[in-house]
Amino acid sequence: MADARPGCYLGQVEAQRREGYGLYVYPNSFFQYEGEWKQGKKHGHGKLLFKDGSYYEGEFEDGEIMGNGLRYWASTGNTYSGQFMSGELHGHGVMQYKDGGKYEGEFSYGMRTGHGFLVDKDGQTYQGSFHNNKKHGTGKMTFKNGDKYEGDWILDQRQGHGVLQCADGTVYEGQWRNDVYNGQGTKIHCSGVIYDGLWINGYPAAQAKKIVILGPEVIDVIQGSTFTLHVQLQTEEGEVSECKNIYDNFCSRSFMAPINFLGCAAFLMSCNRSNCT
7 MADARPGCYL GQVEAQRREG YGLYVYPNSF FQYEGEWKQG KKHGHGKLLF
57 KDGSYYEGEF EDGEIMGNGL RYWASTGNTY SGQFMSGELH GHGVMQYKDG
107 GKYEGEFSYG MRTGHGFLVD KDGQTYQGSF HNNKKHGTGK MTFKNGDKYE
157 GDWILDQRQG HGVLQCADGT VYEGQWRNDV YNGQGTKIHC SGVIYDGLWI
207 NGYPAAQAKK IVILGPEVID VIQGSTFTLH VQLQTEEGEV SECKNIYDNF
257 CSRSFMAPIN FLGCAAFLMS CNRSNCT
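Here this note's numbering is used: the first residue of the sequence shown is 7, the next is one more, and so on.
Here it is as structure tokens:
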């Protein structure tokens, strides 16, 4: 259709009102509409083009963006395809972000709310409940380092009950608060070490500062064979730590040679990672 001047309409008319198909350039020239009209209002399928290059193409009802359509924002480069209500993202849709992220799921008045699947720019994925654009409710997330969490969320943070499976085989199951271990929980380290008890802000309530291996300084072992170490957890002052919730207090533990002493010791002496690395 030929170009129209600001404030002009080119198209079909009935009873001196826009009716049928036509192009209208609004007086401020900020946007123009080309598509179907009914009783002087945008109604049916059409395309609304904004001066900055943004646009909406899809269904209109009684002058409003309503139904299914495609929306592109020139300022961000984001694209949305899905359901609309009164010009807002509302219902099921797919948002493709310029940075490579993608969300597919439910929207409520322009915000991710309900059930959905989100892939962020780093490739991390989350599937579950959302509220006002945040992870909220129950959901599963896979982190970029391979760790996986399934459980409760509140406003983008792990809170409530959840299970974290780390890429190295370490598993934590228990209570969370403010995105870290908080409350009763069990952590099974990849070395076989287990802590079952109370956690406070990511740390076990009963916490040792150093591990001392008891017995001879040198032990002859064969790779692949099982052997036993006698160890003792101590405080900074050298006293025996009251870590009763760490199974066996690590006084005696069987391992498979070769053993990752660094990983084991790091776990025993801190146990402070709410996300594994």
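Note that the Cβ used here is the ideal one computed from N, Cα and C, for glycine as well. These numbers were taken from a predicted model, which means no experiment stands behind them.
* **Three-way DSSP call (helix, strand, coil) for Val-31 in this model** => Sequence index remark: in the sequence shown, residue 31 carries index 25 (1-based). The answer is strand: DSSP assigns Val-31 an E or B state.
* Which residue's Cα is closest to the Cα of Gln-18: Leu-29, Pro-12 and Arg-11? -> Translated into the one-based positions of the sequence shown, residue 18 becomes position 12. Gln-18 has its Cα closest to that of Leu-29, out of Leu-29, Pro-12 and Arg-11.
* **Closest residue to Glu-63 among Lys-47, Gln-45, Gly-46 and Thr-85 (Cα-Cα distance)** => Taking the first residue of the sequence shown as position 1, residue 63 is located at position 57. Taking only the C-alpha atoms, the option nearest Glu-63 is Thr-85.
* **Between the CA atoms of Lys-53 and Lys-44 - distance to the nearest angstrom** => As a working note, residue 44 is residue 38 in the sequence shown. As a working note, residue 53 is residue 47 in the sequence shown. Cα to Cα, the separation comes out at about 15 angstroms.
* Let me know if Asn-184 comes out buried or exposed under the rule of 16 or more other beta-carbons within 10 Å of its beta-carbon. => In the sequence shown, the residue the question calls residue 184 occupies position 178. Its Cβ having fewer than 16 others within 10 Å, Asn-184 is exposed.
* Asked: DSSP beta-bridge partners for Val-177?
  -> By 1-based counting over the sequence shown, the position of residue 177 is 171. DSSP lists Gln-171 and Ile-194 as partners of Val-177.
* Check Ser-114 in the structure and name its three-state DSSP category. => As a working note, residue 114 is residue 108 in the sequence shown. Of the three classes helix, strand and coil, the one that applies to Ser-114 here is strand, per DSSP.
* With 16 as the cutoff for other CB atoms within 10 Å, does Asp-158 come out buried or exposed? -> Numbered from 1 along the sequence shown, position 152 holds the residue referred to as residue 158. Buried, by the Cβ-count rule.
* **Residue closest to Gly-88, alpha-carbon to alpha-carbon, out of Thr-82, Ser-81, Lys-104 and Ile-71** => Translated into the one-based positions of the sequence shown, residue 88 becomes position 82. Per the Cα distances, Ile-71.
* Asked: In terms of alpha-carbon separation, which member of Glu-20, Arg-164, Gly-120 and Ile-228 lies closest to Gly-208?
  -> Taking the first residue of the sequence shown as position 1, residue 208 is located at position 202. Nearest option by C-alpha distance: Arg-164.
* To do: Could you say which of Gly-145, Lys-140, Asp-162 and Cys-172 lies nearest to Lys-154 if we only look at CA atoms?
  => The residue given as residue 154 occupies position 148 in the sequence shown. Selected option, being the one with the closest Cα: Cys-172.
* When the distance is taken between beta carbons, is Gly-134 closer than 9 angstroms to Gly-116? -> Start at 1 with the first residue of the sequence shown, and residue 116 comes out as number 110. Start at 1 with the first residue of the sequence shown, and residue 134 comes out as number 128. Cβ atoms of Gly-116 and Gly-134: not closer than 9 angstroms.
* With 16 other CB atoms within 10 Å as the buried threshold, where does Glu-20 fall? -> Against the sequence shown, residue 20 aligns to sequence position 14. Result: exposed.
* Asked: So, is the C-beta of Val-31 closer than 9 angstroms to a C-beta in chain D?
  -> As a matter of chain content, chain D is missing from the structure shown, which is built from one protein chain.
* Of all the options Gly-198, Ser-197, Asn-188 and Ile-194, which has the alpha carbon lying nearest to the alpha carbon of Leu-204? -> Working through the sequence shown from its first residue, we reach residue 204 at position 198. Considering only alpha carbons, the answer is Asn-188.
* State the DSSP-derived secondary structure class of Asp-202, mapped to helix, strand or coil. => On the sequence shown, position 196 is the one that residue 202 refers to. Looking at Asp-202 - three-state DSSP - the assignment turns out to be strand.
* Asked: Could you check where the beta strand (DSSP E) with Leu-161 kicks off and where it finishes?
  -> If you number the sequence shown from 1, residue 161 lands on position 155. Looking at the DSSP string, Leu-161 is not in any beta strand (DSSP E), and its letter there is neither H nor E.
* To do: Tell whether a beta-carbon distance below 9 angstroms holds between Asp-162 and Lys-127.
  => If you number the sequence shown from 1, residue 162 lands on position 156. If you number the sequence shown from 1, residue 127 lands on position 121. Lys-127 sits away from Asp-162, with the two beta carbons spaced by 9 angstroms or more.
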